[in-house]
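Numbered per numbering that gives the first Met the number 0, the sequence shown spans residues 0 to 187.
Everything below concerns the one structure shown next.
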Amino acid sequence: MGIFDFLIPVMWYRYFQKESWNLRIWRKANLKFHQDDFGMYRHKSVGQIKDFVFRLSRTEGVMRGFNFFLGIGVLNVLIWANKVYFEPKFGVPKKEAAKKELEEKDRIAKETLFFNRFGAPTRPHKSLDDLLVFLAGSWTYDQLADFISYNNAMDINMDQQKGLDSWMSEEDRRMLERYQAQQKKKSH
């Protein structure tokens, strides 16, 4: 009895038979692969239509390629039919209900959140409730993104954080609104 006899059941490679794989590899190809056993021709009884398609394509590769492009075409037809027939009947009422719900969430956000002098919600993380109200709307995202992307507003915000706070007129407070209007004109 040897020292490593306990490893004998673990050493599966001692009893491994590659012949059971039914492979004969030559230049990365399995020479024992038989399409009548594994491919689309494995069903020996073929109907008239399938027989016609087999005779038309002659090989399995052509048939698979045709099925791929046919699948893409059928998918495009289904997407078109969904937009033309399904969406107006079922999708439009759902979109209108979702739009009303989003407007209601934006109204709640305008009443609940803290807005800085420029009208941007710069402290949505004040409490968890404020954060959830901020995340529920879309208008709040737009306001905050526009405020962050406007360099002049960010410079003034940094001055305010340093204590360089000063009086601002109503025209200065509408700076962000003018920036947003200017950005909308640039849209393509």
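Each residue gets a CB set at the ideal place from its N, CA and C atoms; glycine is no exception.
Since this is a predicted model, take the numbers as computed values, not measurements.
Does the separation of the CB atoms of residue i and residue j fall below 8 Å?
i: T139; j: F133; result: yes
i: F117; j: L175; result: yes
i: F113; j: R122; result: yes
i: A119; j: L143; result: yes
i: L131; j: H124; result: no
Does residue i come out as helix, strand or coil in the three-state DSSP assignment?
i: G118; result: coil
i: K161; result: coil
i: K183; result: helix
i: T139; result: helix
i: F51; result: helix
By how many angstroms is the C-alpha of residue j removed from the C-alpha of residue i?
i: K49; j: A80; result: 28 Å
i: Y178; j: M62; result: 58 Å
i: K109; j: N151; result: 24 Å
i: G60; j: K99; result: 52 Å
i: F67; j: F53; result: 16 Å
Closer than 7 Å to a non-hydrogen atom of the ligand NAD - does that hold for the CB of residue i?
i: N81; result: Absence of the ligand NAD from the depicted structure is noted, as is the absence of any ligand whatsoever, leaving it without description.
What do you get for residue i, buried or exposed, if any count of 16 or more other CB atoms within 10 angstroms of its CB means buried?
i: Y84; result: exposed
i: I155; result: buried
i: G136; result: buried
*Could you pull out every unbroken beta strand (DSSP E) segment of at least 3 residues lying fully inside the segment 64–105, listed in chain order?*
none
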